[in-house]
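Beneath this line is the structure, given in structure tokens, with notes to follow.
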Amino acid sequence: MVSIFTRWIELLFPETCVVCGNTLRYSEKQLCTHCLSDIPQVYIHNKNHNPLETLLWGQIPFVSATSFMLYTKKNKYASILHSIKYKKNKDLGIFIGEMFGKELVKSGFLHNVDAIVPIPLHKKREQERGFNQSAVIAQGISNISQIPVIDTAVMRIRYTESQTKKNKEERLRNVANIFEVTNYHVIQNKNILLLDDVITTGATCISCAETILEQGFIGTLRIASVALAT
Ligand SMILES: [Zn+2]
Numbered sequence: 045m046v047s048i049f050t051r052w053i054e055l056l057f058p059e060t061c062v063v064c065g066n067t068l069r070y071s072e073k074q075l076c077t078h079c080l081s082d083i084p085q086v087y088i089h090n091k092n093h094n095p096l097e098t099l100l101w102g103q104i105p106f107v108s109a110t111s112f113m114l115y116t117k118k119n120k121y122a123s124i125l126h127s128i129k130y131k132k133n134k135d136l137g138i139f140i141g142e143m144f145g146k147e148l149v150k151s152g153f154l155h156n157v158d159a160i161v162p163i164p165l166h167k168k169r170e171q172e173r174g175f176n177q178s179a180v181i182a183q184g185i186s187n188i189s190q191i192p193v194i195d196t197a198v199m200r201i202r203y204t205e206s207q208t209k210k211n212k213e214e215r216l217r218n219v220a221n222i223f224e225v226t227n228y229h230v231i232q233n234k235n236i237l238l239l240d241d242v243i244t245t246g247a248t249c250i251s252c253a254e255t256i257l258e259q260g261f262i263g264t265l266r267i268a269s270v271a272l273a274t
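Using the working numbering, you'd call the opening residue of the sequence shown number 45 and step up by one each time.
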């Protein structure tokens, strides 16, 4: 039951839509109905040679790859990832993960997947942020699919500068050998879904995937990102 105190707090500090900033109605969570229905979802989960698969093709062996939504810095929906990452909006991460999870389950993309492995942050960065955004989104997918999240297999062993101002070559160099499988027993022989938050050039994701393939003794590898930058 919602207490009178909670109602008062809501009246004084109403929750607002993370995308447009309008006050949310009582039944709305994180995004208003209008923004929710307009999320630039890509619906490529069943499409071979989709833009993410094309981007990663030839660089690592994987079964399939997909993304939830398109992302451009100027698009108002960029605020979703910004809010999860920099405003510590963990609930939004779970919420988006659950939306993504429903689409993945519906499309059959998760068929045969045994575990979801979120791309790890360096411990120092995770402490700064309070949590790993990819792990939180993975938890949302897990809530819907019942596929467990394994975040104890891989570690990010080097603290790297932000990738945002780097070109493709610099990005690849910046993220070479930054991951290490520290416990292969938990992923050995398993069909893994590697989850990233935003894929731009794919450099970080490829580096993590290479490490898992070399050191993890896994079954198969699938890749998913919440956002695909264009
Ligand atoms: Zn809105």
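The beta carbon of each residue, even a glycine, is placed where N, CA and C say it ideally should be.
Bear in mind the structure is a predicted one, so any value in this text is a computation, not a measurement.
Check whether residue i and residue j have beta carbons under 8 Å apart
i, j, result
"phenylalanine 153", "alanine 253", "no"
"isoleucine 256", "isoleucine 236", "yes"
"alanine 27", "arginine 266", "Only positions 45 to 274 of the chain appear in the structure, and residue 27 is not among them; the question remains open."
"isoleucine 262", "isoleucine 222", "no"
"serine 151", "asparagine 90", "yes"
"isoleucine 140", "isoleucine 191", "no"
"aspartate 195", "proline 162", "yes"
7 Å CB neighbourhood of residue i in its chain, flanking five on each side removed
i, result
"valine 219", "Thr204, Ala247, Thr248 and Ser251"
"threonine 67", "Pro58 and Thr60"
"glutamine 177", "Ile128, Lys129, Gly137 and Asp241"
Own chain partners of residue i with C-beta closer than 8 Å, once the 5 adjacent residues on each side are dropped
i, result
"glutamate 142", "Gly184, Ile185, Asn187 and Ile188"
Any non-hydrogen atom of ligand 1 within 7 Å of residue i CB
i, result
"histidine 166", "no"
"cysteine 64", "yes"
"leucine 75", "yes"
"histidine 126", "no"
"histidine 229", "no"
"histidine 78", "yes"
Helix, strand or coil at residue i according to DSSP, with G and I counted as helix
i, result
"phenylalanine 49", "helix"
"leucine 238", "strand"
"asparagine 254", "According to the sequence shown, residue 254 is glutamate rather than asparagine. It is helical."
"threonine 248", "helix"
"isoleucine 222", "coil"
"isoleucine 267", "strand"
Own chain residues within Cβ distance below 6 Å of residue i, not counting five before or after
i, result
"lysine 359", "An answer regarding residue 359 cannot be provided, because it is not within the stretch 45 to 274 covered by the chain."
Runs of 4 residues minimum, wholly inside the stretch 72-113: which ones carry the alpha helix (DSSP H) assignment?
77-81 and 95-100
Segments assigned beta strand (DSSP E), at least 3 residues, entirely inside the stretch 154-217:
The DSSP assignment places 159-162 and 198-200 as complete runs of the beta strand (DSSP E) inside the stretch 154-217, in order along the chain (cut-off: 3 residues).
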